[in-house]
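Chains A and B, in that order, give the protein sequences. Position in the first sequence counted from 1, then plus 8, gives you my numbering. Position in the second sequence counted from 1, then plus 1266, gives you my numbering. Note that CB positions come from ideal geometry on N, CA and C, so glycine has one too. What follows is one structure encoded as structure tokens, with my remarks underneath.
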Amino acid sequence: MCRLAMKTASTPFSPYGVLKAMEAMQEGYDGSGLGLLLRGIEFADYKYKKGDPILSGIAHTPQALARVNKFMEDRGFRLNYDHTFDTDLTNIEAKDRHKYFVRVYSLPVSWENYSREKKEHEAMMIRLALRADGEKNGGDLTVFSFYPNVAMIKEVGWPLQVGEALGLNDDRLKARIVMAQGRQNTNWGINLYACHPFFIQGVATMTNGENTAFVPIKEWLSGMNYPGYIGYQSDSEVFAHILHYVVNRLKLPLEAYKHVITPLKTAELEKHPQGEFLRGLRDVCRRLIIDGPNCVMGSLPDETCLLVMDHKKLRPATIGGKPGEWALASEMCGVDSMIPDRDKSLDFQPMREHTVIIPPDRKEYKVWSQFDQFPVPQAA
Amino acid sequence: MVSIRSVPSSPSSMTYHDLPWIIVHREDRCTLCGRCTSVCPKEAIFLTYHRQRLPKLDVFAGQKTDADTRTFMGIRQRTEHTNQCIGCGMCAEVCPNEAIGPVLNSNDHRTRFHTHQAGEAAKRGGRRNVKESLLDRIVFNRISMLTDPALDAGRHEFYMNTLLGRILPPQEYIRRKAAGEWIPPVREIFPFVIGSMSFGALSPNMWLGLLQGVAYCNEVLGIPVVMATGEGGCPPWVLKSPYLKYIILQIASGYFGWDEIIRAIPEMQCDPCAIEIKYGQGAKPGDGGLLMWFKVSKLIARLRGVPEGVDLPSPPVHQTLYSIEESVMKMIQSLYMAWGFRVPVYPKISGSTSAKAVLNNLVRNPYAAALMIDGVDGGTGAAYNVSMDATGHPIASNLRECYLDLVAQGKQNEIPLFAAGGVGKNGNVAQNGLALIMLGASGVHIGKYIMQAAAGCLGSESNRCNVCNIGLCPKGITSQNPKLYRRLDPDTVAQRVVDVFMGITTEMKKIMAPLGRSQSLPIGMCDAIGIDDKDAAERLQIKYIC
């Protein structure tokens, strides 16, 4: 089964430590792939300017790279920094990897007056257009993210080996949040887009387990005709889209995510202080109810991190750490590997009703129970 | 040779070999008690004297040959059309000595050419008499073998209820909630609904038994089962009782029973579950309801506001309306208004290639609470044979195309589709129901199955019994004759209703657990099902398995 490791710290750190945590949990996966998301980026060779979008992906051929260059130039993006990975391609299973890119751009002048929402929408459309361009050209271009402060890498192979092949142990690339997933190839074919974490407009999640309610959820999300709700090479991609839908589109607080994916029963809602609102929310978002078994880890643009379980708590997950530095993993040995010198009495394994939230200040993590009230002043 | 005129033959005369059911009687076992002849609803058998010649063949004695005769009592089968055996088997049920019973005639019986009698086309109650069921062939094959631990049907908690009511798009819900605007009423119900069978079609004891069983399921077991009335109103004591909340009241083109309902509104203790507007019925599309005069008793006449003993055919269309669009607009809103916009109102139509057009009309109406589609295998209390046999649309493909139409519009959560027509026709009720749910239904209605399982209805797809129309139901389920319906004990019906729903609940868990589903009803989970017929798989857009 898939293994998840995630670390958030006030001081940027190398993603290699998180990959080592994946290695600690190696018994649980077959090493068919690695997905990595870095948020709160710090480059050793370049001073990143807040707000500049970072394009991450793989050009499988020189032609694809040339098309990316032209596409971005045509739209007025200026390339500020192109991170060079110290790659050893002999250690990569796939043979069609021309260039892994993590590139920092300046926004076009014409975007200056755009609202944040519009900028995010346009950036998403750029990512989707590049993805479509790759698909149109026989899959020679893979684009994972185009968003400020976020870089993503996905590759087929054993996670630590992939990390070493990309030179991620050279400390030239650091981040305040690293999400990593060691992928088990289950019911969907190996496809780079099928690797977790999944990303849409700054919202990212990764999951272990199987999403048995995938088809009805996918059909409903697809039916919204929202441009970003595409893909679904993995049954877990919908978790990211649901989080995006709840937070960005319904504009509900993060706590509502849990109520959407695993709502309480009617009898429980009758006793809940916001039961009436939540019952209605459950009805209107009925198609987004997941059925597990899953553990979902996520992060948001403001560097908030979260961890939620399926309704029956059929997957394990642990959070542990210390103020300023927290690790989340699907196995406790993963947490041990990321932050060994912690007070283990602070470790917590969320149960079915919990959402663990680590606010951007990272001083402590909050455990919020679904049975508790949460702030929705207008609606509830 | 005897003369032609002396052969007792007319075009419609039959021998017992020509009948669909042949009574087999064992004279060696018969005690001549006469119970079979008195219980037979069709008076198809009679006790009579028989004379048998016993020839004396003692030719070698040189005496003149002679014969004795023996006279004895025995059972004989009538061959007149009106007295044809219907195969109900009540004779076997009452026989103390297992001496009698009907057997299905395996020959091509001739009666099928003589069903039209006295200027009347043949009518019957019951069913379509087609044994095959496409739903029976659907299997659940996406078993969650990868992600242990799998769910445990016996120990885990399952949430299997469904919603009946107009569901808003999430953004609109949040907006209206914040603005304090009207949110359409939504009921949380068990996905197997007891389908529309009217007080009139069913006997008072059957109705009482069903309602008792439904109330027990809700109040003791916590299974929110609801039942629909069919056209013909509802007994006043039910209208003013707290049990009304378990009842879907139906209004149809005859508006039978609605005087009583409207008058009772001020005295209602609770709102009904929902209002069903019947535009069509799967068993007899394009035909209105029909309660034949046999069943219009004093009580039924009073409830429906009609004279006793007259046929009550509802018109095929709602006479006051011009089109389905107008119906949607006027009737749905009027009925919402009657209960202060607190009760969901939805139409029921017969399965049809035009179902999608109706559905799209409902999508644009902000009040329509659901759409109920009744397929060709639906049952009825009375219909012309030709309507039942030859008109209609199978439910599976009709439902599926409607669901996929909603999916394409992203509206599948807004208008729940309910499906009916042949659910459990061969006894596989939970399997049939969940197959339809995975094809896109939010729930199913079951009528015939409930009559068979909860009240022991004798009807079968071999045209057994199926005389619901003429009030002769030998089990007292569909009769208004107290002599017959006294045979049915409401308490035992209630007990069976409870058994049925507890059984369905367990079977649903046994289907859902291996699929890894427990948190919500797997509506539209088409990746979980397959069928061993390539064409059907293609039409339903599910997997072909072999």
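query	result
Chain-ordered neighbours of N256 (chain A) on chain B, where CB pairs are closer than 9 Å	The premise fails here: N256 (chain A) is roughly 12 Å from chain B at the closest Cβ pair, so nothing lies under 9 Å.
Continuous beta strand (DSSP E) stretch holding V1452 (chain B): start and end	V1452 to I1455
Neighbourhood of R1753 (chain B) by C-beta distance below 7 Å, restricted to the same chain and skipping five residues each side	K1741 and G1742
Within chain A, partners of D1793 (chain B) - CB distance below 7 Å	V223
W334 (chain A), enclosing alpha helix (DSSP H) - first and last residue	Taken as a continuous stretch (DSSP letters only), W334 (chain A) belongs to no alpha helix (DSSP H), being part of the beta strand (DSSP E) at E333 to A337.
S1786 (chain B) versus F222 (chain A): straight-line alpha-carbon distance, rounded	12 Å
Contact belief for R1403 (chain B) with G1431 (chain B) at Cβ below 8 Å, rounded distance in angstroms	Not a contact, Cβ separation roughly 32 Å.
Cβ-heavy atom distance, N157 (chain A) to the ligand GDP, below 6 Å	The ligand GDP is absent from the structure shown, which contains no ligand whatsoever.
Length of the line joining the Cα atoms of K1749 (chain B) and S1563 (chain B)	13 Å
Residue-chain proximity (S1708 (chain B), chain A), Cβ-Cβ < 7 Å	no
Local conformation of S345 (chain A) per DSSP, three classes	helix
Residue environment, E333 (chain A), which counts as buried when at least 16 other CB atoms sit within 10 Å	buried
Meets three-Cβ-pair contact criterion under 8 Å: the region 230 to 239 of chain A and the region 125 to 141 of chain A	yes
Residues, ordered as in the chain, of the region 229 to 241 of chain A that lie near chain B by beta-carbon distance below 7 Å	G231, M232 and N233
Cα-Cα separation between S1462 (chain B) and V1611 (chain B), rounded to whole angstroms	15 Å
Test: I269 (chain A) CB closer than 7 Å to a CB of chain B	no
Bridge-paired residues (DSSP) for H362 (chain A)	A:S377
Near-chain A residues of the region 1452 to 1482 of chain B - C-beta to any C-beta below 7 Å	V1452 and E1454
Residue-chain proximity (C10 (chain A), chain B), Cβ-Cβ < 7 Å	no
Proximal residues to K321 (chain A) (C-beta, below 6 Å), its chain only, five neighbours per side dropped	M359 and R360
Every unbroken beta strand (DSSP E) within the region 1385 to 1447 of chain B, with a cutoff of 3 residues, ordered by chain	1389 to 1392, 1404 to 1406 and 1428 to 1431
Q1599 (chain B) in three-state terms, based on DSSP	helix
Proximal residues of chain A, C-beta to C-beta of G1782 (chain B) below 7 Å	E218, T220 and D299
Stretch-stretch touch, CB-based, cutoff 8 Å, three pairs: the region 1651 to 1668 of chain B with the region 1616 to 1635 of chain B	yes
D141 (chain A) versus H106 (chain A) - alpha carbon distance	17 Å
Any C-beta of chain B under 7 Å from that of T363 (chain A)	no
Proximity below 7 Å, CB of L1628 (chain B) to CB of A1635 (chain B)	no
CB contact below 7 Å: G210 (chain A) versus chain B	no
Integer-rounded CB distance, given that V1290 (chain B) should sit under 8 Å from G1814 (chain B)	Nothing can be reported for residue 1814 (chain B), as the shown portion of chain B is limited to 1267 through 1812.
Closer than 8 Å at the beta carbon, the chain D residues around T274 (chain A)	Among the protein chains in the structure shown, which are A and B, there is no chain D.
Backbone CA spacing between D1374 (chain B) and I1531 (chain B) [nearest angstrom]	54 Å
Enclosing alpha helix (DSSP H) for R86 (chain A) [first to last residue]	No alpha helix (DSSP H) holds R86 (chain A); the beta strand (DSSP E) holding it covers R86 to D90.
Buried/exposed call for G197 (chain A), threshold 16 Cβ in 10 Å	Low per-residue confidence applies at G197 (chain A): pLDDT is 49, beneath 50, and the placement is therefore not dependable, though the value from the model is reported in the following sentence. The residue in question, G197 (chain A), is exposed, as its Cβ has fewer than 16 Cβ neighbours within 10 Å.
Length of the line joining the Cα atoms of P1 (chain A) and M30 (chain A)	Because chain A in this structure spans residues 9 to 388, residue 1 (chain A) falls outside the shown range and cannot be described.
Contained alpha helix (DSSP H) runs [length at least 4] in the region 1609 to 1661 of chain B, N- to C-terminal order	1621 to 1629 and 1651 to 1656
CB of T1377 (chain B) within 7 Å of CB of P1286 (chain B), strictly	yes
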